[in-house]
Amino acid sequence: MILIFRFFTKISTCHGAKKKKIEHVKEDTYRRILCSKFNIGFKLPKVDTCATCDELNNLIQANKENQAVWKDLKIKLEPNQRRAAAMQDDLKLETKDAKLNHNKLVISFDLQQTLPTPLLTVGQAFYLRKAWTYNLGVHNCSDG
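With our numbering as the guide, the letters of the sequence shown map in order to residues -14 to 129.
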């Protein structure tokens, strides 16, 4: 968020804001406008979970009373969670190795939350919109 704000102030300065004696809005005002008017939030990303984990966790919560079913579901969930943890460990290990070995590059891709375009809340228009914005994040893990 702070980088966006700095970019905003730099751009407005380049376009003559100081010559025209236009004062920049404060960062908290900038944040409030982006969050309320443009539905842009600034917070730590939530952890993505896979459909299998979500389904099994929901079934586990729903079957707390039935110990046999509950235990069977927990057993099914465990290998999936181990596999996910192993992938995270591999990414950390490869990233650490790439920082030491400059001939190696580690890149990760993240399909972030889809955003409805345009942002409308009016009843009929809300249900008729068909455009969504997909944000594909490409991260160079080697740079840190």
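Note that CB positions come from ideal geometry on N, CA and C, so glycine has one too.
Check: One or two residues paired with residue 121 in a DSSP bridge; Outcome: 96
Check: Local Cβ density within 10 Å of residue 36, reported as buried at 16 or more and exposed below that; Outcome: exposed
Check: Length at least 4, wholly inside the segment 20 to 80: the alpha helix (DSSP H) runs in chain order; Outcome: 36 to 47
Check: Option in 98, 127, 62 with minimal Cα separation from residue 120; Outcome: 98
Check: Burial state of residue 83 (16 or more Cβ within 10 Å); Outcome: buried
Check: Inter-residue CB distance, residue 62 and residue 41 (contact presumed, cutoff 8 Å); Outcome: 4 Å
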